[in-house]
Amino acid sequence: MNRSLVIGEWRRAAEALGAAQPCRRDGFYADAVSRAYYAILHAAKAALQLQDKAITNFKATLSPADSDGCSGQPSTRA
1 MNRSLVIGEW RRAAEALGAA QPCRRDGFYA DAVSRAYYAI LHAAKAALQL QDKAITNFKA
61 TLSPADSDGC SGQPSTRA
């Protein structure tokens with residue numbers, strides 16, 4: 001586990017979530033959803049880094065590619 005990568009991704013997740021909240025409050029729902037998506041993405045990357053799963057792109061983060069749920073490689077499914 002690379003502690004600095006985990007912390008960096010977690011901070012990016014918190015920052016994106018913080019940006020989503022005023023967007024939602026002010027009625028900018030599409031922008032709020034976009035920022036919330038990135039908050040989830042960075043939180044997932046932090047969690048995967050805890051298990052030493054190297055992630056190179058968002059598709060690899062969100063698509064299970066092997067039996068344990070994520071190999072860190074992009075899925076070959078269409």
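Residue numbers for the sequence shown follow the UniProt record's numbering, beginning at 1 and rising by one. Ideal Cβ placement from N, Cα and C applies to all residues, glycine included.
Does the separation of the CB atoms of Ala39 and Leu5 fall below 8 Å? Within the sequence shown, the letter at position 39 stands for residue 39. Within the sequence shown, the letter at position 5 stands for residue 5. In this structure, Leu5 does not lie closer than 8 Å to Ala39 by Cβ.
In or out: Gln51 buried (at least 16 other Cβ within 10 Å) or exposed? For this step, residue 51 is matched to residue 51 along the sequence shown. Gln51 is exposed by the Cβ-count criterion.
If I measure Cβ to Cβ from Asp31 and keep anything under 6 Å in the same chain, skipping five residues before and after, which residues do I get? By one-based count along the sequence shown, residue 31 stands at place 31. Excluding sequence neighbours, Asp31 sits near Cys23.
Contact set for Glu9: own chain, Cβ-Cβ below 7 Å, skip 5 residues either direction: The residue you call residue 9 lines up with position 9 of the sequence shown. Excluding positions up to five away in sequence, the list reads His42, Lys45, Ala46, Gln49.
Could you have a look at Gln51 and say whether DSSP puts it in helix, strand or coil? Counting from one through the sequence shown, the residue named residue 51 turns up at place 51. Of the three classes helix, strand and coil, the one that applies to Gln51 here is coil, per DSSP.
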